[in-house]
Amino acid sequence: MNHAHPHHHDHSHSLHSNSNALLWPFLLTLAFAIIETFGGWFTGSLALLGDAGHMFSDSAALALASLGAWIARRPPSAKHSYGLMRAEVMVALLNGVLMLFVVGFIVVEAIARLAHPQPVLGGEVMLIALLGLLINLLVAWRLGQNQHSLNNRAALLHVLGDVLGSVAALAAGAVIYFSGWLAIDPLLSIFISLLILASTLNLLREVLHVLMEGVPPGLEIAAVKQAMTAHPQVVEVHSVHIWALSSEITALSAHVALDDLQYWHGVLADLREMLHTRFDIDHVTLQPESVAALKNGEVACWLTQKDG
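What follows is the structure in structure tokens.
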């Protein structure tokens, strides 16, 4: 059985860049979350307090994402043969669950505000929300430079929620300032929460697909098998499994049958190169088999299970 994983250095560099890219967005987001909390308390705006809650959750998300990227760079060990590449997926899952709690909190508070309206300083809300919008757009732009990582995408999801939250707070402040309609504040908070909920559920669905070792989006096992069997020395390909080790590293294992195994080393090199360049599959494990042995039933393929 032969393994191929030709560019670990590139992935290590990518994970290192992800970790560094998350540091200053975390510091900037945390600093303004504190400012916005005091601003929401001073103005009485739920939209501002909700946006501050989003930003605190963003800070936690960015910190966890940075930690996850750092952990994922650790090399394989006797206990973790793939290293800790799945750490970033687990962190993305935690981020999504955290966002669900934040959405629930904001909706409950908004309903309470609808029943018992509170005075809000519209002008001050507009100023604070405008500053928050500019900061969130800056952070979102920076995170948007790399959406291949689930960590970055999870963190970007939080920040995009804050962009919408800042827009809602700005709109709420303007409406209250010019018309005095207090209900707009909790209503816009609920609307933004529902938008964030939809995005969060989509992220969680993608994370769970990775954890269940589903075939990565954009890849089809049938197409990969067809490309492998197109090699002139390959007679049959079976027992093909494709899964994601992380959001940036795809793995494949398969059994490859040849008429003559003396060509195996050349076939392995060709298949490895083709899988990488055509399908972006990075970690390849291929088992060579003789066609004659397959016909004689000398080779069996199965998944083993423990009884009990």
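In this text, residue positions in the sequence shown follow my numbering: the first is 492, and each later residue adds one.
Backbone N, C-alpha and C define an ideal beta-carbon position, used for all residues, glycine too.
Since this is a predicted model, take the numbers as computed values, not measurements.
Cβ pair Leu-521, Gly-531 closer than 8 Å: As a working mapping, residue 521 is identified with position 30 in the sequence shown. As a working mapping, residue 531 is identified with position 40 in the sequence shown. Not in contact: Leu-521 and Gly-531 (Cβ atoms no closer than 8 Å).
For Val-698, the nearest candidate out of Ala-659, Asp-549, Ser-738, Gln-724 (CA to CA): Taking the sequence shown and counting its residues from 1, one reaches residue 698 at position 207. Distance check between Val-698 and each of Ala-659, Asp-549, Ser-738, Gln-724 places Ser-738 closest, using alpha-carbon atoms only.
Alpha carbon of Gln-717 to alpha carbon of Val-599, nearest angstrom: Reading the sequence shown from its first residue, position 226 is the one you call residue 717. Reading the sequence shown from its first residue, position 108 is the one you call residue 599. As the crow flies, the alpha-carbon of Gln-717 is around 53 Å from that of Val-599.
Three-way DSSP call (helix, strand, coil) for Trp-672 in this model: Position 181 of the sequence shown, counting from 1, holds the residue named residue 672. Trp-672 falls in the coil class under three-state DSSP.
Complete beta strand (DSSP E) runs within the stretch 674-748 (minimum length 3 residues, chain order): Runs found: 725-735.
N-terminal and C-terminal residue of the alpha helix (DSSP H) that His-756 is part of: Position 265 of the sequence shown, counted from the first residue, corresponds to residue 756. Counting along the chain, the alpha helix (DSSP H) containing His-756 begins and ends at 755-770.
Per DSSP, cross-strand counterpart(s) of Ser-781: In the sequence shown, the residue the question calls residue 781 occupies position 290. Beta bridge pairing from DSSP links Ser-781 with Leu-749.
Candidates Leu-710, Gly-635, Ile-667: closest to Val-447 by CA position: The structure shown does not extend to residue 447, since the chain is modelled only from 492 through 799, so no value can be given for it.
Residues near His-729 by beta carbon distance below 6 Å, same chain, minus five either side: Position 238 of the sequence shown holds residue 729. Excluding sequence neighbours, His-729 sits near His-746.
For Ile-562 and Leu-618, the rounded distance between their alpha carbons: Locating residue 618 in the sequence shown gives position 127, where the first residue counts as 1. Locating residue 562 in the sequence shown gives position 71, where the first residue counts as 1. Between Leu-618 and Ile-562, the C-alpha separation is close to 39 Å.
Boundaries of the alpha helix (DSSP H) in which Leu-787 is found, first to last residue: Here residue 787 corresponds to residue number 296 of the sequence shown, with the count starting at 1. As written in the sequence, residue 787 is Asn, which differs from the Leu given in the question. It is not in any alpha helix (DSSP H) - Asn-787 carries neither H nor E in the DSSP assignment.
Burial state of Ser-568 (16 or more Cβ within 10 Å): The residue given as residue 568 occupies position 77 in the sequence shown. Exposed, because fewer than 16 other Cβ atoms sit within 10 Å of the Cβ of Ser-568.
Residue range of the alpha helix (DSSP H) that includes Leu-621: Counted from its first residue, the sequence shown places residue 621 at position 130. Residues 613-634.
Beta-carbon proximity check, Val-706 vs Ile-740, cutoff 8 Å: Here residue 706 is taken as the residue at index 215 of the sequence shown, counted from 1. Here residue 740 is taken as the residue at index 249 of the sequence shown, counted from 1. 8 Å or more divides the Cβ of Val-706 from the Cβ of Ile-740.
Simplified DSSP state of His-774, which is helix, strand or coil: Here residue 774 refers to the residue found at position 283 of the sequence shown. DSSP places His-774 in strand when its eight states are reduced to three.
Same chain only: Cβ atoms within 7 Å of Leu-612, ignoring 5 sequence neighbours per side: Within the sequence shown, residue 612 is the residue found at index 121, counting from 1. Around Leu-612: Thr-534, Gly-535.
Residues near Leu-624 by beta carbon distance below 8 Å, same chain, minus five either side: Locating residue 624 in the sequence shown gives position 133, counting from the first residue. Once the five neighbours on either side are set aside, the close Cβ partners of Leu-624 are Val-654, Ser-657, Val-658, Leu-661.
Residues near Leu-679 in its chain [Cβ-Cβ closer than 7 Å; skip 5 each side]: As a first step, residue 679 is located in the sequence shown; it is residue number 188 there, counting from the start. Ala-538, Ala-659, Ala-662, Ala-663.
Reduced DSSP secondary structure (H/G/I, E/B, other) of Thr-518: For the purposes of this step, residue 518 is taken as residue 27 along the sequence shown, with counting starting at 1. Note that residue 518 is Leu in the sequence shown, not Thr. It is helical.
Extent of the continuous alpha helix (DSSP H) to which Gly-595 belongs: The sequence position of residue 595 within the sequence shown is 104, counting from 1. Judged by DSSP secondary structure, Gly-595 falls within the alpha helix (DSSP H) whose first and last residues are 578-606.
Where Arg-644 falls: helix, strand or coil (DSSP): As a working mapping, residue 644 is identified with position 153 in the sequence shown. Correct three-state label for Arg-644: helix.
Three-state class that DSSP yields for His-571 in the structure shown: Here the question's residue 571 lines up with position 80 in the sequence shown. Look at His-571 here: in three-state DSSP terms it is coil, with no helix or strand label.
Under 8 Å between C-beta atoms of Met-590 and Ser-548: Start at 1 with the first residue of the sequence shown, and residue 590 comes out as number 99. Start at 1 with the first residue of the sequence shown, and residue 548 comes out as number 57. Yes; because the gap between Cβ atoms is below 8 Å, this pair is in contact.
Buried or exposed by the 16-neighbour rule on C-beta atoms within 10 Å, applied to Pro-497: Locating residue 497 in the sequence shown gives position 6, where the first residue counts as 1. Only weak support is given to the placement of Pro-497: the predicted model assigns it a pLDDT of 46, under 50, and the question is left unresolved by the model.
Exposed unless 16 or more other CB atoms sit within 10 angstroms - verdict on Thr-691: Looking up residue 691 in the sequence shown gives position 200. Taking every protein chain shown into account, the CB of Thr-691 has 16 or more other CB atoms within 10 angstroms, so this residue is buried.
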